[in-house]
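Please read the structure below before turning to the comments.
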Amino acid sequence: MLNKIIHVLENYRIHIKRKIELVLRVGEIPVSNLIESEVQLKIAKHRLTDKLSIPIVLGDGLKVAESMIKSSFKEEETTAFDETLLNLEGMECRWDQILPDQQQTKVVCLLLDASLEKDQRNVYKKVLAQMDEEFGKFENRQPIKSNNLKLDPNPTKVWEEMKIRLTSTSWMYFFKSWLKTNFGRIYLNLTSSGKQYLSQIEQLSHTFMLDGMINTVFTAEQKSIDRFIAYLDKMERDKKLIYGIHVTHASVMSCYVLDRRTTHSHFVDGTEGGYTSAAKMFKIKKEGPI
15 MLNKIIHVLE NYRIHIKRKI ELVLRVGEIP VSNLIESEVQ LKIAKHRLTD
65 KLSIPIVLGD GLKVAESMIK SSFKEEETTA FDETLLNLEG MECRWDQILP
115 DQQQTKVVCL LLDASLEKDQ RNVYKKVLAQ MDEEFGKFEN RQPIKSNNLK
165 LDPNPTKVWE EMKIRLTSTS WMYFFKSWLK TNFGRIYLNL TSSGKQYLSQ
215 IEQLSHTFML DGMINTVFTA EQKSIDRFIA YLDKMERDKK LIYGIHVTHA
265 SVMSCYVLDR RTTHSHFVDG TEGGYTSAAK MFKIKKEGPI
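Here this note's numbering = 1-based position in the sequence shown + 14.
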């Protein structure tokens, strides 16, 4: 089974390299190797919303495995691509930029890593408590609100989606998807099932991840952001953590939709670089003195 999974992922890697010149590194590290190296990997399940449960990971296991895969990865020739293995059905990127509820509110992308593996639980507990104090509970700082969701009818959106999803251009797919997007605006606003789908998106949006480090997107007022950054700077000076942050005006969302009634997931980032901009800041700090 593992070999089949790796083979499919390798196929996706080749497809993405051909389409957008992005190199995805694929590999696998047995958990037993991490245990032998005395690296922790603790996994729990957390109910983030009424409809979404996520894994919570403590320990440096995933980070160490990622580093090992990246360092040992060698890009091979792209001649072994198998089109029959490519299945991106359900991948959609048709939403307009999502503005926060209030005009003064910003969207924040945060990456944060505890300096010591043994301190992760306490450091993350303190940071999340500070976020609750500054920005309100999780549901209050969610960037995805159903009343702010609007489909973007721009044909460029559909074209970019098609470029990734298919191996070659299909005008039938393009026009069909473009028409669906335009009629979708009516469906979402005027039908009960459409309104239900919008409300579920809010519940099924991935805006928080803890995989050994914190990755989160949230909304906040600038004055609260400034106080929070001052708090993080103090923790950073005390060698408790390293963080990268990016503040922007809106969020963006890509989706994986198999069934609009129950089976759909939504992945959120910030505009103007989002997590990528936060990661650049984080990497500079990680590689140099604080």
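Each residue gets a CB set at the ideal place from its N, CA and C atoms; glycine is no exception.
key: Range of the contiguous alpha helix (DSSP H) that encloses residue 250   = 236-251
ask   = Among the residues of its own chain, which have a CB less than 6 Å from the CB of residue 267, if the five just before and after it don't count?
value = 109, 280 and 282
ask   = Do residue 216 and residue 156 have their CB atoms nearer than 8 Å?
value = yes
message = Suppose the cutoff is 8 Å on Cβ atoms and the five residues either side in sequence are ignored; what does the same chain contact list for residue 73 look like?
response = 53, 54, 55, 56, 131, 134 and 226
request  = Assuming residue 23 and residue 40 form a contact by the criterion Cβ under 8 Å, report the distance between their Cβ atoms to the nearest whole angstrom.
outcome  = 5 Å
request  = Could you name the residues of the same chain whose beta carbon sits closer than 8 Å to that of residue 100, not counting the 5 residues immediately before and after it, in chain order?
outcome  = 25, 26, 29 and 181
Residues of its chain near residue 261, where Cβ-Cβ distance is below 7 Å and the 5 sequence neighbours each way are ignored = 120, 122 and 239
key: For residue 199 and residue 86, the rounded distance between their alpha carbons   = 47 Å
ask   = Of the residues 212, 88 and 125, which one's Cα is nearest the Cα of residue 294?
value = 125
query = Whose C-beta lies closer than 8 Å to the C-beta of residue 202 among residues of the same chain, with five residues either side of it excluded?
reply = 163, 165, 208, 209, 211 and 212
inquiry  = What does the Cβ neighbour count give for residue 292, buried or exposed, with the cut at 16 atoms within 10 Å?
reply    = buried
key: Bridge-paired residues (DSSP) for residue 123   = 231 and 260
task = Taking the CB atoms as reference points, tell me whether residue 256 and residue 299 lie closer together than 8 Å.
result = yes
message = Buried or exposed for residue 249, going by 16 or more other Cβ atoms inside 10 Å?
response = buried
query = When the Cα atoms are used, what is the spatial distance from residue 142 to residue 230?
reply = 11 Å
key: Element boundaries [alpha helix (DSSP H), containing residue 142]   = 134-149
ask   = Using DSSP with H/G/I as helix, E/B as strand and the rest coil, what is residue 70?
value = strand
ask   = For residue 65, does the three-state DSSP call read helix, strand or coil?
value = coil
task = Please classify residue 67: is it buried, with 16 or more other beta-carbons within 10 angstroms of its beta-carbon, or exposed?
result = exposed
key: Nonlocal neighbours in the same chain, by C-beta distance under 7 Å from residue 104, ignoring five residues either side   = 270, 271 and 272
task = Excluding the 5 residues preceding and the 5 following residue 314 in the sequence, name in chain order all residues of the same chain whose CB lies nearer than 8 Å to its CB.
result = Because the chain is modelled from 15 through 304, residue 314 falls outside the range shown and cannot be assessed.
request  = Assign residue 89 to one of two classes, buried (16 or more other C-beta atoms within 10 Å of its C-beta) or exposed (fewer than that).
outcome  = exposed
For residue 183 and residue 158, the rounded distance between their alpha carbons = 32 Å
ask   = CA-CA distance, residue 174 and residue 218?
value = 24 Å
query = DSSP puts residue 178 in a beta bridge; with which residues?
reply = Partner(s): none; residue 178 has no beta bridge.
request  = Using beta-carbon positions only, say whether residue 129 and residue 254 come within less than 8 Å of one another.
outcome  = yes
ask   = Which one of 232, 51 and 18 has the shortest CA to CA distance from residue 146?
value = 232
key: Closest by C-alpha distance to residue 284, when choosing among 137, 111, 148 and 138   = 111
Assigned secondary structure, residue 223 (DSSP; H/G/I helix, E/B strand, else coil) = strand
query = Where residue 241 and residue 148 are concerned, what is the direct C-alpha to C-alpha distance, given to the nearest angstrom?
reply = 8 Å
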